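Asker:
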Amino acid sequence: MTPVEKQVAEPTHKEIMEVLAGLLAMMFVAMISSTIVSTALPTIIGDLEGSQSQYTWVVTATLLAMTVSSPIWAKMADLFDKKLLVQISGLLFLSGSLAAGLVANVPQLLAARALQGLGVGGLMALTQAIIGTLIPPRQRGKYSGYMAAVMAVATVSGPLLGGLIVDSLGWRWCFFIAVPITLMGLAMIQKFLHLSHSPRKVQIDWWGGLYISIAASLPLVWVSFAGKNYDWISAESGYFLIGTLLAVVLAIRTERRHPEPLVPPRIIMERTTTLAITASIAVGIAQFGTSVFLSQFFQTAQGYSPTQAGLLMIPLIFGSMIGATGSGAYITRTGKWKPVMMLGAGALIVGLALMGPTDHTTPIWHISLFMVLMGLGQGALMQNVVLVVQNTVDVKDIGAASGVVSFFRSLGGTVGIAVLGAVLANRVADTSAVSIGDLVKSGELTPKEAAVVAGSGLDFNAMPPSAVEAIRHAYGDDIGLIFLVSAAIAVISLVAIWRMPKAELRTTVAMQPKPEAREQESVVD
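Each residue of the sequence shown is one higher than the one before, starting from 7 at the first, in this note's numbering.
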């Protein structure tokens, strides 16, 4: 079968880097858009007179749109012109960024953030598909390492950049800053990316897209409100779970029957892909969770400013960059992916486990060493999981294969973070209540002051100093549980990688027919 898309000529390293520079520039601002607002959110919500539930949805709107749209973009990459698609997704992200910077209220901001998320989903899926189209798997390791390093830096440095922008330029520039970088990336893509496209008649899987979107959306909406608007075990939770199960069943039924499914069952059921999906869920939790919970630990438990918290996370960025680029170079040189991924999973588990006993007295230099280990593990796994799956499919399915892994990584990471955040909130609430009760018994707080503390959330300016210290200690002492749970989940990724069958990375973009297949073709001719 003739591939839908193939490169015009074998690209040189210089040509690949020119294309990659544009793709990674857009992907950087797309990734950072999910984390840059974290330190700006209190200012944004206060400025726009929003509520606590709206506070959560400013982040969730982008993640939800990104997660739901990524498999759709990925499949379209196998059917249509990849260059045109990446330009459309870049323009969607650009429009969402401009709109977010100009909003007058929170509903407008949520709509703009959802538009940003649609663009992010496309940029993430299409960047991987284009790399898979241009570069053979054997050579793809080092280029995937560059991509993983950019993702790691964007994920971790977002809170730092957000704090600096809010303090110097104002929160609207958290969105405006994406505009010039995206325009530069689009210009480079237009000039340097050259892919031939052979159009063919396609049938778009609209119903499959609808059912997959519902199946991905309902769990995210559920975990966003569970524990606050209703109990985790309640009728409302049951409705969400039943709806999700029904959508999954309908999606499976549709994908099995459609001639051009968004998520081809033959790819999902392939052993390597199934194990890669399992591993990617744990990687997603580690990738997103470490930055979220570490930033909260430094600010809430240790009392550092947003800018200081971002600087303290530099060891995680450093470890991720070394893990990504080092593992990519090793894979390209040797063609062996399994040893370096096993080592990465081991480093991630050890780093997370060492964070388990962390409390408010743990020295910062200890935490920095643990972050380096976590970063090495993340960097060695993030893009190499996708690389291994891409090696199992032909170029005509490269988009769908890449999108499947990214989809489950984002979905697992987003749901996992929400659940872990709820666990942390409940544990801190119990610990804080005991500590505040002890302060009332000792006479350091009056019952009236205790009531004010209970209703002030994390507004430390409204609390007496003794209460502030108690709540900071509660966060510092309880957050280690989150990292222990993450370490246990990361063990699953180690087992999944260990169970993956060894396969040599091919040196061609398209899969070559097996010898027996070529012999049969010769006989037929």
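All C-beta atoms, glycine included, are put in the ideal place defined by N, C-alpha and C. All values reported here derive from a predicted model rather than from experimental measurement.
Does the separation of the CB atoms of Gln209 and Pro265 fall below 7 Å?
Answerer: yes
Asker: What residue range does the alpha helix (DSSP H) around Ile567 cover?
Answerer: One cannot answer for residue 567 here, as it falls past the ends of the chain, which runs 7 to 531.
Asker: Roughly how many whole angstroms lie between the Cα atoms of Ser448 and Ala435?
Answerer: 20 Å
Asker: Between Thr188 and Met32, how many whole angstroms is the CB-CB distance? I'm expecting something under 8 Å.
Answerer: With a contact defined as Cβ atoms closer than 8 Å, Thr188 and Met32 qualify at about 6 Å.
Asker: For a quick check, are the C-beta atoms of Leu354 and Ala496 less than 7 Å apart?
Answerer: Going by C-beta atoms, Leu354 is nearer than 7 Å to Ala496.
Asker: Val172 to Cys180, Cα distance in whole Å?
Answerer: Answer to the nearest angstrom: the Cα atoms are 7 Å apart.
Asker: According to DSSP, what are the bridge partners of Tyr236?
Answerer: Ala232
Asker: Going by CA-CA distance only, name the one from Met82, Ala494, Tyr152 and Ala330 that's closest to Ala214.
Answerer: According to the sequence shown, residue 214 is Gly rather than Ala. Minimum Cα distance to Gly214 is reached at Met82.
Asker: What is the rounded straight-line gap between the Cα of Val229 and the Cα of Leu124?
Answerer: 21 Å
Asker: Asn235: buried (16+ other C-beta within 10 angstroms of its C-beta) or exposed?
Answerer: exposed
Asker: When we look at the beta-carbon of Ala523 and count the other beta-carbons within 10 Å, is it buried (16 or more) or exposed?
Answerer: Caution is warranted here: a pLDDT of 45 is assigned to Ala523, below 50, making its placement in the model unreliable, and the coordinate value is therefore given only provisionally. Burial call: exposed.
Asker: Going straight from the alpha carbon of His19 to that of Gln302, what length do you get?
Answerer: The straight-line gap from Cα to Cα measures roughly 41 Å.
Asker: How about the segment 249-263 and the segment 383-397: do they share at least three Cβ pairs that are nearer than 8 Å?
Answerer: no
Asker: Give me the residue from Ile291, Trp63, Lys508 and Gly28 with the minimum Cα distance to Asn397.
Answerer: Lys508
Asker: Answer with buried or exposed for Ala351, where buried requires no fewer than 16 other C-beta atoms within 10 angstroms of its C-beta.
Answerer: buried
Asker: Can you check the segment 362-432 for any alpha helix (DSSP H) of at least 4 residues that lies completely inside it and give the ranges in chain order?
Answerer: 370-396
Asker: Would you check if the segment 362-369 and the segment 413-423 touch, i.e. whether three or more CB-CB distances between them fall below 8 Å?
Answerer: no
Asker: On the CB-based measure, 16 or more other CB atoms within 10 Å of its CB, does Val255 come out buried or exposed?
Answerer: exposed
Asker: Does the separation of the CB atoms of Ile291 and Ser416 fall below 7 Å?
Answerer: no
Asker: Flag this pair as yes or no: are the beta carbons of Met327 and Ala160 separated by less than 7 Å?
Answerer: no
Asker: So is Val440 buried or exposed if we call it buried at 16+ other beta carbons inside 10 Å?
Answerer: exposed
Asker: Where does Trp343 fall in DSSP's three states?
Answerer: coil
Asker: Check whether the Cβ atoms of Ala285 and Ile503 lie closer than 7 Å to each other.
Answerer: Yes.
Asker: Out of curiosity, what's the CA-to-CA distance linking Leu97 and Val25?
Answerer: 17 Å
Asker: Rank Phe324, Pro186 and Ala307 by C-alpha distance to the C-alpha of Gly385 and give the top, closest one.
Answerer: Phe324
Asker: Could you have a look at Glu55 and say whether DSSP puts it in helix, strand or coil?
Answerer: coil
Asker: Measuring CA to CA, which of Ile22, Gly127 and Ser240 is closest to Ser219?
Answerer: Gly127
Asker: Compute the Euclidean distance between the alpha carbons of Trp343 and Tyr149, then round it to the nearest angstrom.
Answerer: 14 Å
Asker: Could you give the distance in angstroms between the alpha-carbon of Met130 and the alpha-carbon of Lys89?
Answerer: 14 Å
Asker: Short of 8 Å in beta carbon distance, which residues of its chain neighbour Gln526, apart from the five on each side in sequence? Order them along the chain.
Answerer: Note that Gln526 scores 44 on pLDDT, short of 50, meaning its location in the model is unreliable; the coordinates nonetheless yield the value given after this. Excluding residues within five positions, none has a Cβ falling inside 8 Å.
Asker: Would you mind reading off the limits of the alpha helix (DSSP H) that contains Ser39?
Answerer: Counting along the chain, Ser39 falls outside any alpha helix (DSSP H), and DSSP gives it neither H nor E.
Asker: Just reading off the alpha helix (DSSP H) that Gly449 is part of, what are its end residues?
Answerer: DSSP places Gly449 in no alpha helix (DSSP H); its state is neither H nor E.
Asker: Alpha helix (DSSP H) containing Pro186: first to last residue?
Answerer: Ala184 to Phe198
Asker: Sorted by chain position, which residues of the same chain lie with C-beta nearer than 6 Å to Trp238's C-beta, five sequence neighbours on each side aside?
Answerer: Ala232
Asker: How would you label Asp211, buried or exposed, when you count the other beta carbons within 10 angstroms and need 16 or more for buried?
Answerer: buried
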